[in-house]
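Under this note's numbering, the first residue of the sequence shown carries the number 2, and numbering increases by one thereafter.
The beta carbon of each residue, even a glycine, is placed where N, CA and C say it ideally should be.
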Amino acid sequence: MSDQPQFQLDGQPIPFQPGDTIMQAAHRAGVYIPHLCFHPQFRPHGSCRLCVVNMQGKTVSACTQPASIDLEVHSETTELRQSRLRLIQLLFAEGNHFCPSCETSGNCQLQALAYDLGMTHYHYDPFYPTRIPDGSHPELFIDRDRCIQCDLCGRASEQADHKAIYLLAGRGQHTHVAFRSDDGELGSTQAQAEDRASHVCPVGCILPKSGNYPDIAGARLYDQIPIHAQGNHRRDDGGTHDD
Ligand code: FES
Numbered sequence: 002m003s004d005q006p007q008f009q010l011d012g013q014p015i016p017f018q019p020g021d022t023i024m025q026a027a028h029r030a031g032v033y034i035p036h037l038c039f040h041p042q043f044r045p046h047g048s049c050r051l052c053v054v055n056m057q058g059k060t061v062s063a064c065t066q067p068a069s070i071d072l073e074v075h076s077e078t079t080e081l082r083q084s085r086l087r088l089i090q091l092l093f094a095e096g097n098h099f100c101p102s103c104e105t106s107g108n109c110q111l112q113a114l115a116y117d118l119g120m121t122h123y124h125y126d127p128f129y130p131t132r133i134p135d136g137s138h139p140e141l142f143i144d145r146d147r148c149i150q151c152d153l154c155g156r157a158s159e160q161a162d163h164k165a166i167y168l169l170a171g172r173g174q175h176t177h178v179a180f181r182s183d184d185g186e187l188g189s190t191q192a193q194a195e196d197r198a199s200h201v202c203p204v205g206c207i208l209p210k211s212g213n214y215p216d217i218a219g220a221r222l223y224d225q226i227p228i229h230a231q232g233n234h235r236r237d238d239g240g241t242h243d244d
């Protein structure tokens, strides 16, 4: 038997290493906790709240809560599934997520979670935002109305690309993805199509201007296997193991 410390997640022992969060340990063990802003390669952001779990009577974000020995954590409860569904419905209402016409359909974590959680309708009145898109870059297009404010592009740009190009600007419903350049346009930055930040978006906000349809509809990542069964696979690493 391993000496590694463990906690219980939905009755299953999860080994962890010092410094791990609940999410990191679960992810390493191949156990899925729903998430949108978590990425195993970047520091946690703790903003989407999809990963909220029940830890001994308290609700905590799995991506920021340190793991500790003998914790009892529950993720797959009826109440948590319902609150996750409401969060997803809120995100659908807050942005313009018209899946059938989106280049990312089938590869989108928001859409995949909506399927997973059994979303059948909006629930909240849609806002229909009209944030200004950015088409100034020769290879990348930014559809701000699809941004879910996870800041993965900002973290990838800073921590992997060492460029710190992307950020979230504004407040409340005016929050939007922005770029550090004199004129505020992506085309005036050092962004490149091969940057990590260009591929990490979990939805369809950051898009290459060409090559968006390598796989036909029905053959894309989450068309094949539901997101909860993907384990450590993500679209941004081509569906390969990511840690
Ligand atoms: Fe934990 Fe987003 S994954 S708050």
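For this session: Closer than 7 Å by C-beta to cysteine 52: which residues in its own chain qualify, once you throw out the five before and the five after it? Chain order, please.
Result: Here residue 52 refers to the residue found at position 51 of the sequence shown. So the qualifying residues of the chain are Met24, Ile34, Pro35, His36, Phe39, Ser62, Ala63, Cys64.
Exercise. Roughly how many angstroms separate the alpha carbons of asparagine 97 and aspartate 135, rounded to a whole number?
Worked result: For the purposes of this step, residue 97 is taken as the residue at position 96 of the sequence shown. For the purposes of this step, residue 135 is taken as the residue at position 134 of the sequence shown. If you draw a straight line from the Cα of asparagine 97 to the Cα of aspartate 135, it comes to about 16 Å.
Exercise. DSSP three-state call for aspartate 243: helix, strand or coil?
Worked result: Your numbering for residue 243 matches position 242 in the sequence shown. Residue confidence is low: aspartate 243 scores 40 on pLDDT, short of 50, so the model does not pin down where it sits. No coordinate-derived value is stated.
Exercise. Going by the beta-carbon positions, is the gap between tyrosine 125 and glutamine 90 smaller than 8 Å?
Worked result: Locating residue 125 in the sequence shown gives position 124, counting from the first residue. Locating residue 90 in the sequence shown gives position 89, counting from the first residue. Yes.
Problem set entry | Outcome for arginine 221 when other beta-carbon atoms lying within 10 angstroms are tallied against a minimum of 16 | Translated into the one-based positions of the sequence shown, residue 221 becomes position 220. Around the beta carbon of arginine 221, 16 or more other beta carbons sit within 10 angstroms, so the residue counts as buried.
For this session: Alpha carbon to alpha carbon, how far is proline 67 from arginine 145? Give it in angstroms, no decimals.
Result: The sequence position of residue 145 within the sequence shown is 144, counting from 1. The sequence position of residue 67 within the sequence shown is 66, counting from 1. When only Cα atoms are considered, arginine 145 and proline 67 end up about 33 Å apart.
Exercise. If you draw a straight line from the C-alpha of glycine 12 to the C-alpha of alanine 26, how long is it?
Worked result: Within the sequence shown, numbered from 1, the residue matching residue 12 stands at position 11. Within the sequence shown, numbered from 1, the residue matching residue 26 stands at position 25. So the alpha carbons of these two residues sit roughly 15 Å apart.
Exercise. Less than 7 Å between the CB of phenylalanine 39 and some heavy atom of the ligand FES, yes or no?
Worked result: As a first step, residue 39 must be located in the sequence shown, where it is residue number 38. At least one heavy atom of the ligand FES is nearer than 7 Å to the Cβ of phenylalanine 39, so yes.
Exercise. Regarding histidine 36 and the ligand FES, is the C-beta to nearest heavy atom distance less than 7 Å?
Worked result: Reading the sequence shown from its first residue, position 35 is the one you call residue 36. A distance criterion of 7 Å places the beta-carbon of histidine 36 in contact range of the ligand FES, judged by its closest non-hydrogen atom.
For this session: Indicate, with yes or no, if the ligand FES has a heavy atom lying under 7 Å from the CB of glycine 12.
Result: In the sequence shown, the residue the question calls residue 12 occupies position 11. Not so, every heavy atom of the ligand FES lies at least 7 Å from the Cβ.
Exercise. When you compare only the Cα positions, how much space is there between proline 16 and glutamate 159?
Worked result: Along the sequence shown, read from residue 1 onward, the residue named residue 16 stands at position 15. Along the sequence shown, read from residue 1 onward, the residue named residue 159 stands at position 158. The alpha-carbon of proline 16 is positioned some 30 Å away from that of glutamate 159.
Exercise. Can you tell which of Ile166, Asp224, Val201, Arg50 has the C-alpha that lies nearest to the C-alpha of proline 41?
Worked result: By 1-based counting over the sequence shown, the position of residue 41 is 40. Relative to the Cα of proline 41, the nearest Cα in the group Ile166, Asp224, Val201, Arg50 belongs to Val201.
Exercise. Taking DSSP as the reference, what is the three-state secondary structure of proline 14?
Worked result: Here residue 14 refers to the residue found at position 13 when the sequence shown is read from its first residue. Proline 14 falls in the strand class under three-state DSSP.
Problem set entry | Sheet register partners of phenylalanine 180 (DSSP bridge) | As a position in the sequence shown, residue 180 is number 179, starting the count at 1. Paired residue(s): Tyr167.
Exercise. Taking 7 Å as the line, does the beta carbon of leucine 91 fall inside it for any heavy atom of the ligand FES?
Worked result: For this step, residue 91 is matched to residue 90 along the sequence shown. Answer for leucine 91: no, Cβ out of range of the ligand FES.
Exercise. Quick one, which of Ser102, Arg156, Gln83, Ile143 has its alpha-carbon nearest alanine 115's?
Worked result: Along the sequence shown, one-based indexing puts residue 115 at 114. Its Cα nearest to that of alanine 115, the residue Gln83 stands out among Ser102, Arg156, Gln83, Ile143.
Problem set entry | Cβ shell of phenylalanine 142 (< 6 Å), same chain only, five flanking positions each side left out | Your numbering for residue 142 matches position 141 in the sequence shown. If you ignore the 5 residues before and after phenylalanine 142, its C-beta comes within less than 6 Å of the C-beta of Gly136, Leu208, Lys210, all in its own chain and listed in chain order.
For this session: Examine the ligand FES and report whether any of its heavy atoms sits within less than 7 Å of the Cβ of alanine 63.
Result: Numbered from 1 along the sequence shown, position 62 holds the residue referred to as residue 63. Yes - the ligand FES has a heavy atom lying nearer than 7 Å to the Cβ of alanine 63.
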